[in-house]
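First the structure, in the form of structure tokens, and then the observations on it.
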Amino acid sequence: MSDIAIEIRGLRKTFGDFTAVADIDLPVLTGEVFGFLGPNGAGKTTTIGMLLGLIHPTAGTIKVLGKTVTPHKTQVLKRVGALMGAPAFVPYLSAEKNLKLVAKLYPQVDQKRINAVIELVNLDHAGKRKAAKFSKGMKQRLGLAAALLHKPDLVILDEPSSGLDPNGQREFRTVIRRLADQGVTVFLSSHGLAEVEAICDRVAVLNAGKIVALDAVATLLATDPAVDMRFADVVSAEKALSTLPNVSITINDNNLNIRGASSEAILSTLFAHAVVPTTFTPLTNKLEDLFASLTHAV
Numbered sequence: 588m589s590d591i592a593i594e595i596r597g598l599r600k601t602f603g604d605f606t607a608v609a610d611i612d613l614p615v616l617t618g619e620v621f622g623f624l625g626p627n628g629a630g631k632t633t634t635i636g637m638l639l640g641l642i643h644p645t646a647g648t649i650k651v652l653g654k655t656v657t658p659h660k661t662q663v664l665k666r667v668g669a670l671m672g673a674p675a676f677v678p679y680l681s682a683e684k685n686l687k688l689v690a691k692l693y694p695q696v697d698q699k700r701i702n703a704v705i706e707l708v709n710l711d712h713a714g715k716r717k718a719a720k721f722s723k724g725m726k727q728r729l730g731l732a733a734a735l736l737h738k739p740d741l742v743i744l745d746e747p748s749s750g751l752d753p754n755g756q757r758e759f760r761t762v763i764r765r766l767a768d769q770g771v772t773v774f775l776s777s778h779g780l781a782e783v784e785a786i787c788d789r790v791a792v793l794n795a796g797k798i799v800a801l802d803a804v805a806t807l808l809a810t811d812p813a814v815d816m817r818f819a820d821v822v823s824a825e826k827a828l829s830t831l832p833n834v835s836i837t838i839n840d841n842n843l844n845i846r847g848a849s850s851e852a853i854l855s856t857l858f859a860h861a862v863v864p865t866t867f868t869p870l871t872n873k874l875e876d877l878f879a880s881l882t883h884a885v
């Protein structure tokens, strides 16, 4: 099996004069949970559409599970499961009977497999219950069960936990980790930054059609260090720290929040200017903060 589940090279999609996706390169490793982030209009859904062969690229290549999508779409999609937004089911049928309908698309799927995916998504207690009685979180997990019926090697999820309450989000995260533990590659597009930070191995951030960050979550968070400091003379402190390149300084009374420079660089600069802080507190970065800085959110 290849070490790369998704390999995107020079991918571009234009609609008239508008460039939705601008020459991106993106590798997704086999067996990882990969987060695909970006603000509305960044090009995420267009990229996923090209991954699934629903949209034809203007330029570039996409390989999914070792095969180029455009000429081999049917072969590729046999090994891919997808959940795009809110799934639709026959409301008066049970979860099990809804899955039996979907299973008609896959001759290899038997009752044993239906039972297995119902258990995998934590719906074994509700398999006989009508879908109309399900909460939104349960419906999303039933949608995921349908996407997993044919034992895909890759699962693509576009905003799967949108609108779920905290319990529903937690249950969905548990299922995704179970998939990863079974060796399934998960490609997760989400606005739930805390969710992505909790479960993804690596993330890419897309902004205005371009990849602006791509790395392990921990590595990305370490690239934007931040500290809170208090000073008796905040004006002198700000003047000294403003000499550091690419630093962001926020003033709140006698406190400064400094981003973009290491603790060592900050302290060295202060001491060189004979400025001593009264308190010094390194901050733990969150993906939300990094996302805001990369996409210029305010």
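Under the working numbering, the first residue of the sequence shown is numbered 588, with each subsequent residue one higher. Every residue, glycine too, gets a C-beta built ideally from N, C-alpha and C.
Closest by C-alpha distance to residue 623, out of 839, 782 and 853, is 782. A check of alpha carbon separations from residue 627 across 607, 714 and 614 identifies 607 as the nearest. In this structure residue 615 is buried. Its beta-carbon is surrounded by 16 or more other beta-carbon atoms within 10 angstroms. Our two residues, residue 837 and residue 858, have alpha carbons roughly 20 Å apart in a direct line. By DSSP's assignment, residue 603 forms no beta bridge with any residue.
Under DSSP, the beta-bridge partners assigned to residue 797 are 794.
Per DSSP, the unbroken alpha helix (DSSP H) holding residue 781 starts and ends at 780-786. Beta-carbon to beta-carbon, residue 743 and residue 667 are separated by about 6 Å, close enough to satisfy the 8 Å threshold. The C-alpha of residue 862 is placed about 18 Å away from the C-alpha of residue 846. Per DSSP, reduced to three states, the secondary structure at residue 753 is helical.
Cβ contact annotation for residue 827 (same chain, cutoff 7 Å, sequence separation greater than five): 856, 857, 860 and 862, in chain order.
Excluding sequence positions up to five before and after residue 665, its CB lies within less than 8 Å of the CB of 737, all in the same chain and listed in chain order. Residue pairing from DSSP places residue 867 in a beta bridge opposite 816. Sequence-distant Cβ neighbours of residue 656 in its own chain, meaning closer than 6 Å and more than five residues away, are 640, 649 and 663. By a beta-carbon distance limit of 8 Å, residue 794 does not contact residue 815. Their separation comes to about 27 Å. In the structure shown, residue 691 adopts coil according to DSSP, grouped into three states. Between residue 673 and residue 634, the alpha-carbon positions lie close to 19 Å from each other. Here residue 778 is near residue 749, since their CB atoms are less than 8 Å apart. Residue 804 and residue 751 have their C-alpha atoms some 23 Å from each other. In the three-state reduction of the DSSP assignment, residue 759 falls in the helix class, which pools H, G and I.
Scanning its chain for C-beta atoms nearer than 8 Å, with the 5 sequence neighbours on each side dropped, one finds around residue 642 the residues 600, 633 and 636, in chain order.
Under the three-state reduction of DSSP output, residue 716 falls in the coil class, being neither helix nor strand. The residue among 764, 644, 879 and 866 with its C-alpha nearest the C-alpha of residue 824 is 866.
In the DSSP assignment, residue 631 falls within the unbroken alpha helix (DSSP H) covering 631-638. Within the model, the alpha-carbon separation for residue 740 versus residue 810 is close to 32 Å. In the DSSP assignment, residue 823 falls within the alpha helix (DSSP H) that extends over 821-828.
If you draw a 10 Å sphere on the C-beta of residue 822, you find fewer than 16 other C-beta atoms in it, and that means exposed.
Residue 609 places its beta carbon 8 Å or farther from that of residue 755.
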